[in-house]
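Chemist:
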Amino acid sequence: MVANPAQDVEPTSAGYGDIIRELSRRGLAGGDLFFELALGNPLRAADLFLPVHERMDRVDSWVSLEMTGFDQLRRYNGRQQKTETADRCAMGESGHIDGKHSTRRQNMTSAHGETGNRAGDDRPASCTSDPTTSLPPGSICVEHKTGDTYTISVRGHRLVADQPSAEGGNDDGPTPTELFAASLASCVAFYAGRYLRRHGVGETGLRVEAEFAMADDRPARVSTVRLTVHVPAELDPQRHDALLAVASHCTVHNTLAHPPEIVVRLGSTPPS
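In the working numbering, the protein residues as written are 12 to 283.
1. Run through DSSP, which three-state label would I30 get?
2. Pick from V233, T235 and V240: whose alpha carbon is nearest that of Y206?
3. In three-state terms, what does DSSP make of T162?
4. For the 8 Å Cβ check, are there 3 or more pairs between the stretch 246 to 253 and the stretch 227 to 234?
5. Skipping 5 residues on each side, what residues in its chain have a beta carbon closer than 6 Å to that of A226?
6. Buried or exposed: where does L48 fall if 16 or more other Cβ atoms within 10 Å of its Cβ makes it buried?
7. Using DSSP's beta-bridge definition, name the partner residues of R169.
8. Answer yes if the stretch 189 to 205 comes into contact with the stretch 146 to 161, meaning at least three C-beta pairs across the two stretches below 8 Å, and no otherwise.
9. Quick check for students: name the residue ranges of the beta strand (DSSP E) that lie wholly in the stretch 216 to 271, counting only runs of 3 or more.
10. On the DSSP letters alone, give me the boundaries of the beta strand (DSSP E) that T157 sits inside.
11. Do you know offhand how far Q270's Cα is from A196's?
12. Give the secondary structure of D43 by DSSP, where H, G and I count as helix, E and B as strand, and everything else as coil.
13. State the Cα-Cα distance for the pair H168 and R66, rounded to the nearest angstrom.
14. Between D252 and P281, what straight-line distance do the alpha-carbon atoms span, to the nearest angstrom?
15. Compare the beta carbon distance of V171 and T160 with 8 Å and say whether it is the shorter of the two.
16. Taking all protein chains shown into account, decide if G204 is buried (16 or more other Cβ within 10 angstroms of its Cβ) or exposed.
Next up, the structure:
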């Protein structure tokens, strides 16, 4: 299956025109609109072929999306735009040019909602206690507050991690391990919600419950995470397996299945 709205058709062509107008009505433009449109057919194809994939025991089946050339992205965004503006819009402020082809940075995911630094970008996060200061996407800062309490800065958000009172903490927030399980559950919920939205089903009633257990041996780690996805009643039961397959491949789950390189190092010591 080949679907290339930037190369094969003009934005006003029959079929794509109605979709583009609807996406524009939702407030999407430029790169966001393009990738929503470009991902639509592969995602529908994945849903369509999922029953066959299941009968093949999930072996050697995939639907892929090949990114179009950068010049074609500019064409999609409109020839009348200035090159610099088209460059930024087409790449969603998140890409770079490599020869004649565009390469999406890792902070543009299939769910087109999550962010992160490029692979190999080891710029340190700039910690600041100023709540009005936002960190760049892909940067997180954790600062000691008191006892076992730590403040986590993520872009313009502030979270708190702590330990239960029974473990000597102040219980001012969830533990880092609980945040880990919560990140997986919320990522699954996010993907499930996008699936529902694509199929015209509201997210009201969508809920993900998570339970995790710690390993009995060393090193200290989570041994099991069990997630239960509760979907709205109006979702066609024939789409349950497809939703589960989509949600099971959220970014956090994929990261656990394909562990990233983790580097822990000492930074410079601040002057006393």
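Note that the Cβ used here is the ideal one computed from N, Cα and C, for glycine as well.
Modeler: Inspection of the coordinates gives the following:
1. helix
2. V240
3. strand
4. no
5. R232 and S234
6. buried
7. S164
8. no
9. 218 to 225 and 233 to 241
10. I151 to T157
11. Looking at the sequence shown, residue 270 is not Gln but Pro. Approximately 18 Å between the Cα atoms of the pair.
12. helix
13. 44 Å
14. 53 Å
15. yes
16. buried
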